[in-house]
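First the structure, in the form of structure tokens, and then the observations on it.
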Amino acid sequence: YIEPGVPYVSMRLLPALMGVLTIPIMFLTLKASGCKTTTATMGAGLILFENGLVTQSRLILLDSPLVIFTALTIFAWTSFTNQHEQGPSKAFTPTWWFWLAFSGLSLGATVSVKWVGLFTIAWIGSLTLVQLWVLLGDTKTVTPRLWFKHFFARFFCLVVIPVSFYMSMFAIHFLCLVNPGDGDGFMSSEFQSTLNSKGMQDVPADVAFGSRVSIRHHNTQGGYLHSHSHMYPTGSKQQQITLYPHKDENNVWLLENQTQPVDLEGNEIKTPLAWDNIEPTLIEDGAVLKLYHVITDRRVHSHDHRPPVTDADWQNEVSAYGYEGFEGDANDLFKVEIVKHLSDGEVAKERLRTIETKFKLVHIMTGCVLFSHKVKLPDWGFEQQEVTCAKGGTLPNSIWYIESNDHPQLKEDAEKVNYRNPGFFGKFWELQKVMWTTNAGLVESHAWDSRPQSWPILRRGINFWGKDHRQIYLIGNPLIWWTSTVSVVVYLAFKALAVLRWQRGYKDYNNVPFKRFDYEVGTSVLGWALHWLPFFLMQRQLFLHHYFPALYFAIIALSQTYDFITARVSALGLRQRPVIGTAGAAIFLALSISIFYMYSPVAYGNAWTKTDCAKAKLFETWDWDCNTFYDSYSEYKTYERTISAAKPTGAAASPAVQFSQDEIPEAHVTDRVLTGEEKIEYRDEAGNILNEEQVKELEGKVSFSTRYETRTRLVDANGNEVYDGVANAEEESYAGTIAEGSNQETGGVEQDAANEQPASVNVNDDIEKEKSIEASTASAEPESDAGAATEKDEL
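Everything in the sequence shown is counted per my numbering, starting at -9 for the first residue and increasing by one.
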């Protein structure tokens, strides 16, 4: 961990504690569902020794809170169901209300962690509808008045309470996070204006010729129309026009009329500042104007050149063209077209008003519209957003508005406006839409993604971390995963046969254990299905950890099935021999523990050998790299001693020994390591050294894992290096940072950058970046293979 002041220990402790508490919750849930203590203990043990759940609980991830709140919801609902099954006359007792309200509270907490909680709501909702349907058919004991009482009790506890809890979490969020951050670029200007240091003073409402304005894009995170004294490397090679996310003097434009004002003698006043000394002329819908860049004395210009990045026939380049004293040409002219249905107020629909008017700028000569989209320029454009002139571009990306406005002739008492405070509900709803859009946008392939059909059979995991010949790889306990999947399949086969026999007139449902098995295990399988099947409809990036809530339901189904076989169904004969059930649970748990131990090195990032790794790797799709590990555990001890010895001790250096000019001392060799040095080299899989340009080309396409080498340097008492052929020849082995975009054993797929990040909020860094193109060159650093797998993952 590198950032100072961040409570990493507490942040890791919370998911770890939640992972631990999930174990007793499983025990209590199974007991509440009627399972024997032996079965409940076995089920809790399966949670304890499930490698995937252990791995995700040890890291700062959302899955551990999601699983525990899902578990609490299941436990609370199971307990409420027990109260409900005592009959309508036993309803509305304090215990009945407690478990129903606790179910709603747990639902709110689950959906507040991730929107996967919506699947849990669907599960509770389905079971609630079944309960209400049965009550509706009980005409003997349930009156209409009593039925509506049941309905409104459930509506309050299972709808009002979860929604209130969910919204209260966002209220706390808004109260705590009052400063700008990396994510505020996703939000609207109105939302951002509520953050500290993001607000602005009231500005004049009316916009006139001669006004100095900043113009913001309406759709793509509200960047400013911007120019700077750097040229396009292609096309016209004129000055760049971009969209820039921060307030800056290069965002200031002076609005000129298509014709200049005249003096008292009827002569045109050529300077752009001519409008400063005359009565303001307000800009109305349909006006033709020029946008003059105050800092560089150039005007927004478009012509029949293709943009540098979006090389499409329907897109024209937009540049800043001209020089001081130049009057401009026809390609500088743009027509203002107000978008009336988006503008706020009747006046704003007739003439330009700051903030209130939304408008398009139509190029007079070509008919294209000033346009921007989520395409970033390369390093020569400082990764700012591309601005073009589009013929037939989408409406949202062609809309602009004025944020700041200043004119020397506007009086102090002129009407002023500011952003409207959206209030809590406005901010809440906007954030929900941004969350939805951002999640839906995660559609690019990722090196460690997987599809839902592979999850129940555990075909692939996620590589989280690798360093020092160790690795953390998210993979489940195969025995637990596969047997839980088998239990689901067994129930589905049972249900199909039961329905077939019921249609043929068999009275199987008169048998109480048969009926209880169908309902109890069926309830768990329904939860499994509702937490797994919806992922097939999603085109976004998906990973193995999305299966954890469904896995929890499957383990419950497995435990319930085992309990019915060994303790509830008398026809099998095991009910009369409880020792067999106990022994079976113990054996199954012992096998789970042994397999947990086998895969624990990649759960904890512990030492592992290539041989043990190869034995544990059942499928090639389990794509951790066994070559990462040493051949023997003794090599880890040697490596740790080497690293420990290479660290500076802080001891004072020995005084230098003085010799006369005629004395030549013999080399005095010491076996102590005096200093530790570190050098980073980038190599490909074949061991070839990569230069800086090659590393830059690989950035974002591959990941870099760290390898180390130990090199012994023999020195004399003066610190001079003494050459020793044997030592230098035997100890030297290549190492460094190796580019690995795939599994070195199987040659997997490249790692793609999947998430588009909001604009940076570090203004100083961006300004420095504009000052020198060289300053924008970044070197690759070793990082986690699966960093993007856990970022921005609200779902």
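Every residue, glycine too, gets a C-beta built ideally from N, C-alpha and C.
GLN305 is bridged by DSSP to ALA380.
Under the three-state reduction of DSSP, HIS236 is assigned to coil, being neither helix nor strand. The C-beta distance from TRP455 to ILE465 rounds to 13 Å, too long to fall under 8 Å, and the pair is not in contact. In this structure HIS535 touches ILE452 by the C-beta definition: roughly 7 Å separates them, less than 8 Å. For HIS331, the closest of LEU148, THR286, ASP602 and PRO386 by C-alpha to C-alpha distance is PRO386.
With a beta-carbon spacing of about 19 Å, SER204 and ASN247 fall beyond the 8 Å limit used to define contacts. In the DSSP assignment, GLY115 falls within the unbroken alpha helix (DSSP H) covering 107 to 127. Between TRP471 and PHE372, the alpha-carbon positions lie close to 48 Å from each other.
The criterion of a C-beta distance shorter than 8 Å is not satisfied by TRP370 and PRO270.
Judged by beta-carbon spacing, THR68 lies within the 8 Å limit of SER23, meaning their Cβ atoms are closer than that value. Three or more beta-carbon pairs separated by less than 8 Å are not found between the segment 52 to 63 and the segment 602 to 611, which leaves the two stretches without contact. Under a 10 Å Cβ-count criterion, GLU40 is classified as buried, with 16 or more other Cβ atoms of the shown protein chains found around its own Cβ. Taking one beta carbon from each stretch, the segment 583 to 600 and the segment 24 to 44 have 3 or more pairs nearer than 8 Å; the two touch.
Fewer than three pairs of CB atoms, one per stretch, sit closer than 8 Å, so the segment 230 to 239 makes no contact with the segment 434 to 453.
Not a single unbroken stretch of the alpha helix (DSSP H) spanning 4 or more residues falls wholly within the segment 336 to 390. With fewer than 16 other Cβ atoms inside 10 Å of its own Cβ, CYS166 counts as exposed. Two segments are said to touch when three or more pairs of C-beta atoms, one from each, lie closer than 8 Å; by this definition the segment 510 to 519 touches the segment 528 to 547. Pairing ILE15 with SER183, the inter-Cα distance amounts to about 44 Å.
A residue is called buried once 16 or more other Cβ atoms fall within 10 Å of its Cβ, and PRO5 is buried on that count.
Restricted to the segment 572 to 601, not a single beta strand (DSSP E) segment is unbroken, complete and at least 3 residues in length. Annotated three-state conformation of TRP243 is strand, per DSSP. Here the alpha carbon of ALA302 sits roughly 34 Å from the alpha carbon of PHE181. Just measuring C-alpha positions, the residue of ALA66, CYS25 and VAL424 sitting nearest TRP89 is ALA66. Following the DSSP letters along the chain, one finds ASN453 inside the beta strand (DSSP E) bounded by residues 452 to 457. In the DSSP assignment, LEU215 forms a beta bridge with LEU233.
For PHE324, the uninterrupted beta strand (DSSP E) run begins and ends at 324 to 328, by DSSP.
Closest option to ALA30, judged by alpha-carbon separation, among LEU579, VAL197, GLU307 and ASP621: LEU579. Annotation: PHE316 to GLN228 spans about 15 Å, alpha carbon to alpha carbon. In this structure, DSSP gives PRO251 a state outside helix and strand, which the three-state scheme calls coil.
For TYR(-2), no beta strand (DSSP E) encloses it; the enclosing alpha helix (DSSP H) starts and ends at -2 to 22.
In the DSSP assignment, TYR509 falls within the alpha helix (DSSP H) that extends over 502 to 520. Partner residues in a beta bridge of LYS227, as assigned by DSSP, do not exist.
By the neighbour-count definition (other C-beta atoms within 10 Å, threshold 16), THR85 is an exposed residue.
Judged by beta-carbon spacing, ASP128 lies within the 8 Å limit of PRO78, meaning their Cβ atoms are closer than that value.
Here the C-alpha atom of ASP174 lies approximately 29 Å from the C-alpha atom of GLU405. TYR156 carries a helical assignment under DSSP once its states are collapsed to helix, strand and coil.
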